[in-house]
Structures are given as structure tokens and as C-alpha cells.
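Here the structure comes first, spelled out in C-alpha cells, and everything after it is commentary.
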Amino acid sequence: MMVTTLVRAAEESAPNPLIPQQAEIILGLVVLAILVWLLKKFVVPNFEKAYAERTAAIEGGMAAAATKQAEVDAKLAKLEKQLGDARHEAARIREEAREQGAAIVAELRAQGQAEQARIVEAGKAQIAAERQQAATSLRAEVGTLATSLAGKIVGESLDDDARSSRVVDRFLADLEAHQGAQGK
Amino acid sequence: MSFLGGPVSTEGFHTPGPGDFNLPGLFGTEVTKPMVLVVLSAAIAVGLFYAMSRRAAIVPGRLQFAGEYVYGFVRNSIAQETIGTREYAKFVPYLFGLFLFVLINNFYGIVPLFQFPSMSHIGYPAALAIVSWLVYNGFGIAKHGFFGYLKHQTVPAGISGAILLALVPLEFFSNIVVRPFTLALRLFATMFAGHLLVTLFSAGGEQLLLHYDPPFLGIPAGVVSFILAIGVSFLDMLVMFLQAYVFTLLTAMYISSAIADEH
């Protein structure tokens, strides 16, 4: 009972808090509309601009990084290719050098052999010449000696050169023929 | 009897009640304190957030970061997640404004000198609820056509026959009729109750502390009462934020379901 009186008293002194006042609804509508309009016009675009610029900046940075990465990759590939070429070139040069070395050795060996052969040949020729010379001088000397010896024995000069040398020659020719017949 | 039956009517003590929410007009006019506060809230919201967003720098300063934090909360956590990335953008200004409007008006309740949550006058939550109702129904009708929208909101998919006869009025009632009332009442009632509790505990505390006889009972009880008033104030702060969040989130959800493709 006391509660009902209290409620009645409250109703008399104040309107029911659940019944909205027209003025407040209208004010609320107007203020909300103005607030939303102002935010939409002046605040939201700024924030969205900042967001968009930030996104663009990040994406731009990422794109730049990707470009750099691609450049670096290309450069790396190029360098690796150059390195491979250089290795290849070095191997080729080594191979060439080895071949050249072998060729030089072979050439030198051939030269040496030729030289050797030439020296041997020259030696042989010289020996033959000397022998020929020795034989010639020996023949002359033998003739002289034999003639002078024969002259001493005969007691007569056999210094008639033409005749004596003919005799010697004949003797030697006989001797040679004899030797040749014996050697055969 | 007096302890159980109702307000203690000790002489000279006025128990805070619903009547205290009807403040007299200021300076002898019809303009009341909540009216001033509501208008001020719009000025605060626009002024503050314009100052915060003005530079729109890629690398935000402290102010801009704070502004973006609030804006991003409404834009991303409420609008984008609820409505979806395709259509959320056009609702962001309304949801952002709604959130700031409710939040600032709620927090008046704990700001010294203001100390009155304007949303405890049901006219303001009612106005917000009306606008939210118009927005979600309006966009739903714009998308589906008038009868298409009614069908969209009242006929659940995959149900036919007699059950449909029972469900259609129910769905109409819950999706079209009740929503603005629950929106407005939830916000109003929490702010009203919170403020009432705080005033009750502080006014009661004061009475107990200073005027209760005998004082050796009154002073401890008064101290406890003040401590409770402070505790309730902190709880109320949480509720103030939560109600702003819930009001905005529910509006976003209503919009989302109204403009959703056929489910």
C-alpha cells in the first residue's frame, strides 16, 4: 500500500521515465543527424585517406622491394654465368696449353733427331773425306818411299817422276786388285 | 517495517528516485541539462575527432593514433566484421557517429560537473533507435524491394506448411517491431539504473555519515556506502562502454541481416 502511494506520489511529481519526451526525441534526431553528417564530411574521409595512403605506401614499398629482388636475382644469374664462362675459358686454355706443350715437345724431339742424324751424317762424311785424304797422301808417300827405297837398292835414281809414279800406280792398282780378290 | 517496506523516510532525507532524473530547466528556460549535454556531445565528438584526423599522416602522431584506434574499432571490428567487406563502407559514418554519440553521452555520467548520463532520458535512446530502425529497414527495402524485404525478414528458409503460419508473425514481430524498443530500452535502462545506483549510494552515504543517529552506526555504514558508490561507478564505466558497443554492434547486425543475400 505504501508502495502504491509512493508510486502515485512519484507520478504526480514526475512523468514516467519510460515515456519519452517529444522535445528530447527531436533534439536527439537533429543532433545525431548533424553529428553523422559532420563526421562523414570532415572526419571519416581523413581517416580513410590516411588508411589508403598507408596501404599504398606499404604496397609501394613491397613493389620496390620486389623490383630490387628481381634486379639482384638477375645480377646474380649474370655473375654466375660469367663465372661459369670464365671457368670454361680457363679449362679451354689449359687444354690448349697442354696440347701446345705436347706439340712443342714432339717438335723438339723431331728436331733433335734430325740434328743427331745430320751430325752423324756429317761425321761420317768427314771421316770418309779424311780417309780419302789419308789414302791419297799415303799413296803419294808410299810411292815416294818405295821409289826412293828402290832407288837405293838399285842404286840408280829413279827420279824420273813420270815413270816412277806410273810404276807405283800400277803396283798399287795391282795391290788393290789383289786385295779386292782376296777380300771377296 | 521501514527497512523492508521501502525508502527510509527519516526526516529531511530525500531518497533518490526516478523523479530526480527530471532536472529543471536551466536559467528558467525549457532547456534542460541533458539537452545541453547532448548538443555538447556532438561538438566534442566532431571537434575531437576532427583534430585527431586533420593531418591524416601516413605515420600517425599520438593524437591521430588514438583517433584511428577508435575509428578503426568501429570501422573494422564492428562494421567490417559484421556487414562484410563488400558493403560496410557506406555504413561506417553512421555507425561511427552512433558509437561516439552514445559513448560520450554515457560517459557524462562519471565526468565531474556533468555527472548525468543523457541516455538515461529515454527520448535520446529512442531517437537513436528510430534512426537505426529506419536505416536497416530502408536499406533492406532498397535492396530487396518492399515485399521482397518483408519476405526476406519474415519467412525463414527451408520451412513450409503450417509452421510457417506460426513463424511468419513471430519473425515479423521480432525482426521488425521489437528491435527499436529493445535497442532503446536496453540503453536507457542500463544508464538509468547505473546512475540511480550511484546517486542512491552517495546520497545515502552522505546522510548516514553526517546525519544518522547514533553516529557510531552511521559513520561505518556511510563509509561502506561511499565505497560501494565508487565500486558501482567503476562498474558503470564498463557498462557505459559496453552499451555504446552493443548499440552500435546490434545496429550493424540488423543492417547486415537486412541487406544479406538470400540465406
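In order, the protein sequence lines correspond to chains A and B.
When we follow this note's numbering, the leftmost residue of the first sequence carries the number 1, and every step to the right adds one.
When we follow this note's numbering, the leftmost residue of the second sequence carries the number 185, and every step to the right adds one.
The C-beta atom is built at its ideal place from N, Cα and C for all residues, glycine as well.
The structure displayed is predicted, hence computed values, not measured ones.
Is residue i close to chain B, meaning its C-beta is less than 8 Å from at least one C-beta of that chain?
| i | result |
| --- | --- |
| A50(A) | yes |
| G84(A) | no |
| E71(A) | no |
| G61(A) | no |
| A10(A) | With a pLDDT of 49 at A10(A), under the threshold of 50, the modelled position of that residue is not reliable, and no figure is offered here. |
| I93(A) | no |
| A64(A) | no |
| L29(A) | yes |
| P20(A) | yes |
In chain A, which residues lie with their C-beta within 9 Å of the C-beta of residue i?
| i | result |
| --- | --- |
| S237(B) | F42, V43, V44, P45, N46, F47, K49, A50 |
| E252(B) | F47, A50, Y51 |
Can you find a C-beta in chain A that's less than 8 Å from the C-beta of residue i?
| i | result |
| --- | --- |
| L312(B) | yes |
| T432(B) | no |
| G307(B) | yes |
| P301(B) | no |
| F205(B) | yes |
| P200(B) | no |
| M424(B) | no |
| F376(B) | yes |
| Y320(B) | no |
| Y272(B) | no |
| A226(B) | yes |
| Y292(B) | no |
| V315(B) | yes |
| V192(B) | Only weak support exists for where V192(B) lies, its pLDDT of 48 falling under 50; the coordinates are left without a value. |
If we count the other Cβ atoms within 10 Å of its Cβ and call it buried at 16 or more, is residue i buried or exposed?
| i | result |
| --- | --- |
| E235(A) | Missing from the structure shown is residue 235(A); chain A here goes from 1 to 184 and no further. |
| D420(B) | buried |
| S344(B) | exposed |
| P277(B) | buried |
| W317(B) | buried |
| G101(A) | exposed |
| E252(B) | buried |
| T432(B) | buried |
| S164(A) | buried |
| G406(B) | buried |
| S137(A) | exposed |
| T366(B) | exposed |
| I288(B) | buried |
| A114(A) | exposed |
| A428(B) | buried |
| P364(B) | buried |
| S409(B) | buried |
| I414(B) | exposed |
| G389(B) | buried |
| I443(B) | buried |
If I'm right that residue i touches residue j with Cβ under 8 Å, what's the distance once you round it to whole angstroms?
| i | j | result |
| --- | --- | --- |
| V222(B) | L27(A) | 6 Å |
| Q264(B) | Y272(B) | 5 Å |
| T199(B) | L207(B) | T199(B) to L207(B), Cβ: 17 Å. No contact. |
| F280(B) | V258(B) | 5 Å |
| V230(B) | L39(A) | 6 Å |
| M219(B) | M303(B) | About 13 Å separates the two Cβ atoms, so there is no contact after all. |
| S417(B) | I267(B) | 34 Å between Cβ atoms; not a contact. |
| G324(B) | H336(B) | 7 Å |
| Q248(B) | S261(B) | Not confirmed; about 19 Å, so no contact. |
| V72(A) | A226(B) | Not confirmed; about 55 Å, so no contact. |
| R139(A) | L172(A) | 6 Å |
| A368(B) | P309(B) | 4 Å |
For residue i, which residues in chain A fall below 7 Å Cβ to Cβ?
| i | result |
| --- | --- |
| G281(B) | L32, L35, V36, L39 |
| Y278(B) | V36 |
| Y255(B) | F47 |
| F285(B) | L32, L35 |
For residue i, return the contacting residues in chain B, with the cut-off set at a CB-CB distance below 8 Å.
| i | result |
| --- | --- |
| E53(A) | A240, I242 |
| A57(A) | I242 |
How would you list, in chain order, the residues of chain A whose beta-carbon sits under 8 Å from the beta-carbon of residue i?
| i | result |
| --- | --- |
| M219(B) | A23, E24, L27 |
| V230(B) | L35, L38, L39, F42, V43 |
| F233(B) | L39, V43 |
| V223(B) | L27, V31 |
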